[in-house]
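Chemist: Residue numbers (my numbering): 1 to 311.
Ideal placement from N, C-alpha and C gives every residue a C-beta, glycine not left out.
Since the structure is predicted, the reported quantities are computational estimates derived from the model, not experimental observations.
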């Protein structure tokens, strides 16, 4: 419609300026907030109604511009209003779209994150994908896969795609579950949020698949569950998990190195409380303890994954 067209052009121009590190004016910031509030008002009621064909170049451009706003530098602990609303708008547009269209949007989202990495948005996007997979997986289990596909066809989706399909989920998981990232040179600690989101995604799928009694399920649901598990664990025909070698093993190696480093630094503080004896730039005792807590969270999650022979 007219609003989408005008908003896409304005936000696209703004995103180009942001990508060139040009500051936004107060007037532009006010317009951004107005556009975001209008998006929420227009699309919050369209639950799963926007088909893939609606997502032409201009609507997709608007979706990508919102991603740029999410990546704006933040100078305080609180998210700026425009950034918070941009996150809300992305969620709103995803929920307003059909299952097939949503699959395309998630692909777009993660492809853009490879070009313009942002730890927070990557973490939140992985969580949104997990929730999307959960909802459609549950819907397929309750009403059957044919019923889910039928609902998509009623929205004139000729080429239906669902997040639990191996042809969609496996390539996405291969792209998501990588460490270290080629597009990011930060340490494991700086990537903590998205790594925890990814590990929790993997843990959720494995626990759900284990607890589901596939012998009592519809054969289509049992097959679906097996394919989801194989896709997320990146398992080949011989049962070998590439998730273990390409993702978890690398995390475990850096985790061990960081844990040893900060444990040793903590011991130095406890045995030699005189700050004059510490090397320049050495972490404080509080920093050591907070860091070890974060590392312990990752370690505990990896320990839970041992149950599924993934560690």
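Taking 8 Å as the limit between beta carbons, can you name the residues of its chain near residue 156, skipping five residues before and five after?
Modeler: Hits under 8 Å: 51, 53.
Chemist: How about residue 94 and residue 104: do their beta carbons lie closer than 7 Å?
Modeler: Not closer than 7 Å, so no.
Chemist: To the nearest angstrom, report how far apart residue 198 and residue 247 are at their CA atoms.
Modeler: Computed Cα separation, rounded: 10 Å.
Chemist: Examine the Cβ distances between the segment 107-126 and the segment 189-198 and report whether three or more of them are shorter than 8 Å.
Modeler: Contact holds: three or more Cβ-Cβ distances are below 8 Å.
Chemist: Along the chain, where does the alpha helix (DSSP H) containing residue 173 start, and where does it finish?
Modeler: Segment 166-176, the alpha helix (DSSP H) holding residue 173.
Chemist: Work out the CA separation of residue 184 and residue 255 for me, nearest whole Å.
Modeler: Going by the C-alpha atoms only, they are around 17 Å apart.
Chemist: By the 10 Å Cβ neighbour count, where 16 or more other Cβ atoms means buried, how is residue 163 classified, buried or exposed?
Modeler: Residue 163 is buried by the Cβ-count criterion.
Chemist: Indicate the three-state DSSP secondary structure (helix, strand or coil) for residue 109 in the structure shown.
Modeler: Reduced to three states, the DSSP call for residue 109 is helix.
Chemist: Taking just the CA atoms, how far does residue 238 sit from residue 61?
Modeler: Distance between the alpha carbons of residue 61 and residue 238: 42 Å.
Chemist: State the start and end residues of the unbroken alpha helix (DSSP H) segment that holds residue 133.
Modeler: Residues 119-143.
Chemist: Between 78, 41, 89, 13, which lies nearest to residue 28 when the distance is taken from Cα to Cα?
Modeler: With distances taken between Cα atoms, residue 28 lies closest to 13.
Chemist: Provide the residue span of the alpha helix (DSSP H) that contains residue 290, from first to last.
Modeler: It spans 285-305 - the alpha helix (DSSP H) in which residue 290 sits, taken as one unbroken run.
Chemist: Could you compute how far the alpha carbon of residue 257 sits from the alpha carbon of residue 303?
Modeler: About 17 Å.
Chemist: Compute the Euclidean distance between the alpha carbons of residue 24 and residue 125, then round it to the nearest angstrom.
Modeler: For residue 24 and residue 125, the distance between alpha carbons rounds to 25 Å.
Chemist: Which whole-angstrom value describes the C-beta separation of residue 161 and residue 231, a residue pair presumed to lie in contact below a C-beta threshold of 8 Å?
Modeler: The Cβ separation is near 14 Å, so there is no contact.
Chemist: Are there three or more Cβ pairs, one per stretch, closer than 8 Å when the segment 65-73 is compared with the segment 81-89?
Modeler: Taking 8 Å as the limit for Cβ pairs, the verdict is that the segment 81-89 does touch the segment 65-73.
Chemist: Is DSSP giving residue 115 helix, strand or coil here?
Modeler: In this structure, residue 115 counts as helix in the three-state DSSP scheme.
Chemist: If we call anything under 7 Å between Cβ atoms a contact, is residue 148 one with residue 140?
Modeler: A contact, by the Cβ cut-off of 7 Å.
Chemist: Just checking my contact of residue 295 with residue 259 at CB under 8 Å: how many whole Å lie between their CB atoms?
Modeler: Going by Cβ atoms, the distance from residue 295 to residue 259 rounds to 5 Å, so yes, they are a contact pair.
Chemist: Measuring only the C-alpha atoms, how far is residue 196 from residue 18?
Modeler: Roughly 29 Å separates the two Cα atoms.
Chemist: Near residue 180, which residues of its chain fall below 7 Å by C-beta distance, leaving aside the five closest residues on each side in sequence?
Modeler: Hits under 7 Å: 250.
Chemist: Could you spell out the range, first to last residue, of the alpha helix (DSSP H) harbouring residue 265?
Modeler: Here the alpha helix (DSSP H) through residue 265 covers 249-271.
Chemist: Sort out for me which residues DSSP pairs residue 235 with in a bridge.
Modeler: Partner(s): 241.
Chemist: Determine the extent of the alpha helix (DSSP H) in which residue 196 is found, giving its start and end residues.
Modeler: From DSSP, the alpha helix (DSSP H) with residue 196 extends over 192-211.
Chemist: The alpha helix (DSSP H) spanning residue 11 covers which residue range?
Modeler: Note, residue 11: alpha helix (DSSP H), 2-19.
Chemist: Sort 280, 261, 38 by Cα distance to residue 2 and report the nearest one.
Modeler: Residue 38 is the option with its Cα nearest to residue 2.
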